[in-house]
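Take a look at the structure set out below.
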Amino acid sequence: MTSFNEIAGSLLLFFLVFGMSATVDIHMLVAQLKNAKAISMGVLLQFLLLPLCGFLVVKFFELEQSVGICLLVVTSSPGGSYSNWWCSMFNADLALSVTMTAISTLLSVILMPLNLLLYCKYAFNNVDDDLVVQSLDFNSLFIALTVVISAIGLGLFASAKVHSYRFNILANKLGSYAGVSLVAYSALMSNTGGETQIWEHSWQFYVGVALPCCVGLLVANILTSFLSLKKPERVTLSVECCYQNVGIATSVALTMFKGDELSQAMAVPLYYGLIEAFVLGIYCILAWKAGWTKAPKNISFWTMIATSYEVLLTEHSDLKAIEVSLPKHEQDLNEKVNREGDTIYVKYSVDDDEEEDFQMVSMMCINLPSQETKQASGYQLPDVPNEAEQHEWGDTAPWMTSCFAPPSAAAASPNTNTMQ
């Protein structure tokens with residue numbers, strides 16, 4: 005049964021990570037890999053800030069050893085793929101989230117044991133810090149590492165080779181369904197038959213276990229805002245900072261403790277899991293309403309979580325028209341193209357007395373160099389009640405830009421753009 009549970013969990017994890025990775029346009033991921041400021045901040049938040057918060061809470065509230073050790077394990081274990089699901093569902097920067105998952109998964113193999121060795125040594129004088137590290141299930145860690153890295157690699161490879169926005173959206177739906185299933189499956193498997201009594205602890209337990217998540221979220225927003233990161237990137241890094249892998253703490257508790265201590269230790273990952281889900285859920289909704297995500301703030305909640313703006317905004321950005329000034333004389337032609345050079349829009353304004361000259365200007369097609377164009381998704385951005393809305397993360401919100409070409413037209417004619 006244990007083997008079946010591990011296989012089922014690994015399969016759900018694979019489809020979650022594969023789906024989210026295959027959602028991301030490969031060019032967006034490459035851009036995030038070059039975003040040294042955001043990645044460095046993400047690593048600092050995951051491996052320095054939150055473990056430090058856990059240590060300070062353990063010392064300040066003088067938590068019992070079983071509770072304190074499990075809290076240190078929780079705050080030292082980045083959440084990995086689950087954060088991808090949150091960022092996708094609430095339309096934060098999914099490309100950055102996938103990038104951070106790959107990096108943090110690799111770094112956690114080294115930095116998580118180091119953090120535990122350091123903080124357990126100074127938090128508890130009578131505990132063998134080597135025993136805590138030995139209690140880690142390294143087999144499960146390396147299995148998860150293999151699953152996550154292979155799923156990310158295959159997902160990105162599929163996104164690059166299957167040149168289709170429709171595929172990106174279908175992959176996102178696959179990842180979302182796998183994420184919901186994995187959350188439900190994890191909640192089912194964390195049931196310990198009633199031995200964990202979560203509601204019979206002191207106030208220090210409830211405040212202490214919840215504090216790292218709340219403080220980490222606050223500090224993450226302050227630091228990312230100080231660095232002037234784009235707002236969806238701030239939301240992503242805040243989620244990456246606070247959403248932790250509580251399953252690792254559960255395995256440590258089962259290995260190290262017995263009896264009443266086991267019951268107390270098991271309550272830590274269970275309670276922290278409830279807190280992080282509640283706090284981050286409220287935070288992501290507030291971030292969406294504040295215009296910090298890629299979804300417009302005045303659409304319905306169900307439209308927001310059901311729509312992958314990560315894909316649709318990338319698609320519409322690729323189709324955005326470029327304005328060209330068309331003067332009377334050919335030698336005065338001043339053509340402006342974007343970095344892709346994929347579309348051209350001719351705009352010609354004349355005075356009333358030049359109307360006769362204007363009649364000599366014929367409609368035209370401009371052929372561009374052959375480029376491999378992604379297949380259109382067939383989806384349109386949902387209607388927005390207030391079309392004057394703008395976002396800080398982009399120059400102009402895509403739903404207020406009038407020069408988008410229809411996806412079907414772009415897919416049918418990748419190399420020619422007809423002026424209308």
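For what it's worth, this note's numbering labels the leading residue of the sequence shown as 5, then goes sequentially. Beta carbons: idealized from backbone N, C-alpha and C, even for Gly. In this text the structure is predicted, and so the values were computed from the model without any measurement.
One question on the structure: do residue i and residue j come within less than 8 Å of each other, judged by their Cβ atoms?
i: L158; j: F22; result: yes
i: S242; j: A214; result: no
i: S70; j: T240; result: no
i: A188; j: F18; result: no
i: L121; j: S80; result: no
i: W89; j: L20; result: yes
i: L56; j: E244; result: no
i: G220; j: L54; result: yes
i: P425; j: V250; result: Here the chain has residues from 5 to 424 only, and residue 425 is not among them.
i: Y247; j: Y86; result: yes
i: V78; j: G58; result: yes
DSSP three-state label for residue i, please.
i: P236; result: helix
i: S80; result: coil
i: S168; result: strand
i: A175; result: helix
With burial defined as no fewer than 16 other Cβ atoms inside 10 Å of the residue's Cβ, what is the status of residue i: buried or exposed?
i: N95; result: buried
i: N432; result: As shown, the chain starts at 5 and ends at 424. That puts residue 432 outside it, with no answer to give.
i: G285; result: exposed
i: Y287; result: buried
i: D264; result: exposed
i: F305; result: exposed
i: S108; result: buried
i: I11; result: exposed
i: F65; result: buried
i: G13; result: buried
i: S206; result: exposed
i: A106; result: buried
i: Y126; result: exposed
i: L110; result: exposed
i: V34; result: exposed
i: F146; result: exposed
i: I303; result: buried
i: A294; result: exposed
Compute the beta-carbon to beta-carbon distance between residue i and residue j, rounded to the nearest angstrom, for a pair I have assumed lies under 8 Å.
i: M32; j: T228; result: Not quite, the Cβ-Cβ distance comes to about 19 Å (not below 8 Å), so this is no contact.
i: K41; j: L231; result: 6 Å
i: C124; j: A253; result: Not really, about 13 Å apart at Cβ, beyond 8 Å.
i: C218; j: V152; result: Actually they are not in contact, since the Cβ atoms of C218 and V152 sit about 27 Å apart, beyond 8 Å.
i: M104; j: I30; result: About 17 Å separates the two Cβ atoms, so there is no contact after all.
i: T437; j: P386; result: A query on residue 437 cannot be resolved here, the shown segment of the chain reaching from 5 to 424 and no further.
i: Q208; j: L67; result: 7 Å
i: V166; j: A99; result: At roughly 17 Å, the Cβ-Cβ gap does not stay under 8 Å, so V166 and A99 are not in contact.
For residue i, which residues of its own chain have a beta-carbon under 6 Å away from its beta-carbon, when the five flanking residues on both sides are left out?
i: A26; result: G159, A162, S163, A175
i: F51; result: L115
i: G179; result: L20, G23, M24
i: P82; result: Q50, S108, S112
i: I279; result: A214, C217
i: Q36; result: A99, L100, T103
i: G212; result: V61, F65, L67
Excluding the five sequence neighbours on either side, which residues of its own chain have a C-beta within less than 7 Å of the C-beta of residue i, listed in chain order?
i: I173; result: S312, V315, S381, Y383
i: E204; result: none
i: M308; result: N95, W292, A299
i: M93; result: S180, I309
i: V62; result: G72, L75, L76, A127
i: K177; result: none
i: R238; result: N225, T228, S229, W296
i: A2; result: With the chain covering only 5 through 424, there is no way to say anything about residue 2.
If you drop the 5 nearest sequence neighbours on each side, which residues of the same chain put their C-beta closer than 8 Å to that of residue i?
i: S185; result: L16
i: L266; result: S70, E199, A257, L258
i: K262; result: none
Using a Cβ-Cβ distance cut-off of 8 Å, determine whether residue i contacts chain B.
i: T240; result: Among the chains of the structure shown, chain B does not appear; only one protein chain is present.
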